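Read the structure below first, then the notes.
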Amino acid sequence: MEKLTFIISDIEANQRLDKYLKKIMPNAPQSFIYKLIRKKDIRVNNKKSEAAYILEEDDTVVIFLTEAQADEFITPYTFTKIRRPLNIIYEDENILVVNKDAGLLVHGTEFENELTLTNIVLTYLYDRGEFDPLRRGYIPSPVSRIDRDTSGVVIFSKKQSVHQVLANAFTQEDEVIRLYRLVVYGTLNKDEGAIELPLKRENGQTIPASEGQKAITHYVVKKKGRTKTYVEAQLLTGRQHQIRAHFKAIGHPLVGDTKYGSSTEQGPLSLNAYKVEFTALPAPLDYLNGHEFIADNTAYLLEMLGD
390 MEKLTFIISD IEANQRLDKY LKKIMPNAPQ SFIYKLIRKK DIRVNNKKSE AAYILEEDDT
450 VVIFLTEAQA DEFITPYTFT KIRRPLNIIY EDENILVVNK DAGLLVHGTE FENELTLTNI
510 VLTYLYDRGE FDPLRRGYIP SPVSRIDRDT SGVVIFSKKQ SVHQVLANAF TQEDEVIRLY
570 RLVVYGTLNK DEGAIELPLK RENGQTIPAS EGQKAITHYV VKKKGRTKTY VEAQLLTGRQ
630 HQIRAHFKAI GHPLVGDTKY GSSTEQGPLS LNAYKVEFTA LPAPLDYLNG HEFIADNTAY
690 LLEMLGD
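Quick look at the structure:
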């Protein structure tokens with residue numbers, strides 16, 4: 390038997406033991422992991438532990454495996470190293486906030502799994518010694534996501550405990566302010582208003598539906614063109630493609646939106662994730678409250694407004 394020892398870092402702390410074990414042994418069946426726990430082949434701080442135990446920084450996790458099991462189940466995290474300049478808005482020991490270019494995926498898909506913002510960020514952290522692929526207990530990852538064709542603010546967490554707090558904040562209407570800037574066709578009836586239409590996913594699109602999930606978008610007109618309008622929108626809920634679906638529903642699709650507007654559209658999607666501001670984060674992340682993370686990519690939007 391091999392005795393494998395892992396010291397929990399502050400990056401990996403504050404997660405269940407079974408969740409941690411699944412991350413460092415991704416190829417192991419869940420049933421195998423629970424069997425190891427039951428047979429005391431996994432010990433925390435030299436004691437038998439339960440699957441639901443919440444790991445703390447400096448905990449010592451010992452796993453007993455056969456050589457064959459270790460070779461099969463203990464593998465480093467694999468990613469494609471992409472060294473490209475990052476437009477960093479803010480960075481500290483807990484988070485990295487970047488301004489994403491339009492056209493760049495945040496996460497990989499079955500069609501494109503290499504050139505992604507996540508791989509660029511992981512490479513950046515790897516080169517700085519802040520990410521070790523051999524420590525799979527937590528992989529730095531985005532807590533906010535925007536579509537491939539949307540530019541703007543994306544926030545990455547560097548620690549498991551931070552990820553949990555920020556991800557929860559994005560599900561609450563009163564803990565984070567999310568502002569977008571966009572250009573729509575036509576002239577809105579009101580210079581300021583709210584679109585409150587429940588939304589659901591159907592056939593790869595987000596559509597209004599009475600049985601859908603609650604969705605609220607506030608908007609303010611920033612500038613009017615002859616045939617288009619420059620708008621700032623605030624998400625009070627975070628449904629997929631919410632802004633695009635809402636403005637299509639009121640007869641003002643976004644310029645450049647081939648999915649919710651015209652399939653013959655030319656040019657980029659006129660949508661910029663302009664600002665994220667946290668308002669009610671608990672300690673120890675309360676120092677981020679009131680800090681505005683801004684990605685001002687709006688010059689191209691004003692060009693699209695044209696007249």
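Mapped onto my numbering, the consecutive letters of the sequence shown carry residue numbers 390 to 696. Glycine included, C-beta positions come from ideal geometry on N, C-alpha and C. Owing to the predicted nature of the structure, the values given are computational and were not obtained by experimental measurement.
1) Check each candidate in Ser540, Glu503, Val554 and name the one with the smallest Cα separation from Leu670.
2) Might you give, ordered along the chain, the residues of its own chain that have their beta carbon closer than 7 angstroms to the beta carbon of Asp399, omitting 5 neighbours on each side?
3) Could you please give me the residues that DSSP links to Glu591 through a beta bridge?
4) Which same chain residues end up closer than 7 angstroms to Thr469 when comparing Cβ atoms and leaving out the 5 residues on each side of it in sequence?
5) Check for me: the beta strand (DSSP E) holding Val565 runs from which residue to which?
6) Given a threshold of 16 other Cβ atoms within 10 Å of its Cβ, counted over all protein chains shown, does Ala598 qualify as buried or as exposed?
7) Using 10 angstroms around the beta-carbon of Gln458, count the other beta-carbons present and answer buried if the total reaches 16, otherwise exposed.
8) If you compare alpha carbons, which of Leu694, Lys579, Gly627 is closest to Ile639?
9) So for Ala662, helix, strand or coil by DSSP?
10) Would Arg567 pass as a contact of Ala662 if the rule is Cβ separation under 9 angstroms?
11) Taking buried to mean at least 16 other C-beta atoms within 10 Å of its own C-beta, is Met390 buried or exposed?
12) Pull up the distance between the alpha-carbon of Lys392 and that of Leu454, whole angstroms please.
13) State the start and end residues of the unbroken alpha helix (DSSP H) segment that holds Leu690.
14) Exposed or buried, what is Ala441 when buried is set at 16 or more other beta-carbons lying within 10 Å of its beta-carbon?
In brief:
1) Within the sequence shown, residue 670 is the residue found at index 281, counting from 1. Of the candidates Ser540, Glu503, Val554, the one whose C-alpha sits nearest the C-alpha of Leu670 is Val554.
2) What you label residue 399 is simply residue 10 of the sequence shown in a count that begins at 1. The beta carbon of Asp399 sits closer than 7 angstroms to the beta carbons of Glu446, Lys548 from its chain, once the five residues preceding and following it are set aside; these are given in chain order.
3) Here the question's residue 591 lines up with position 202 in the sequence shown. In the DSSP output, where bridge partners are listed per residue, Glu591 has Gln594.
4) The residue labelled residue 469 in the question sits at position 80 within the sequence shown. Cβ within range, chain order: Glu503, Asn508.
5) Mapped onto the sequence shown, residue 565 falls at position 176. From DSSP, the beta strand (DSSP E) with Val565 extends over 565 to 574.
6) The residue you call residue 598 lines up with position 209 of the sequence shown. Ala598 is exposed by the Cβ-count criterion.
7) Within the sequence shown, the letter at position 69 stands for residue 458. In the assembly as shown, Gln458 is a buried residue. Its beta-carbon has 16 or more other beta-carbons within 10 Å.
8) Counted from its first residue, the sequence shown places residue 639 at position 250. When each option's Cα is compared against that of Ile639, the closest is Lys579.
9) Taking the first residue of the sequence shown as 1, we reach residue 662 at position 273. It is a strand residue.
10) Here residue 567 is taken as the residue at index 178 of the sequence shown, counted from 1. Here residue 662 is taken as the residue at index 273 of the sequence shown, counted from 1. Against a cut-off of 9 angstroms, the Cβ pair of Ala662 and Arg567 comes out as a contact.
11) For the purposes of this step, residue 390 is taken as residue 1 along the sequence shown, with counting starting at 1. Its Cβ having fewer than 16 others within 10 Å, Met390 is exposed.
12) Here residue 392 is taken as the residue at index 3 of the sequence shown, counted from 1. Here residue 454 is taken as the residue at index 65 of the sequence shown, counted from 1. Computed Cα separation, rounded: 7 angstroms.
13) Counting from 1 along the sequence shown, the entry for residue 690 is found at position 301. Segment 688 to 694, the alpha helix (DSSP H) holding Leu690.
14) Counting from 1 along the sequence shown, the entry for residue 441 is found at position 52. Ala441 should be labelled exposed.
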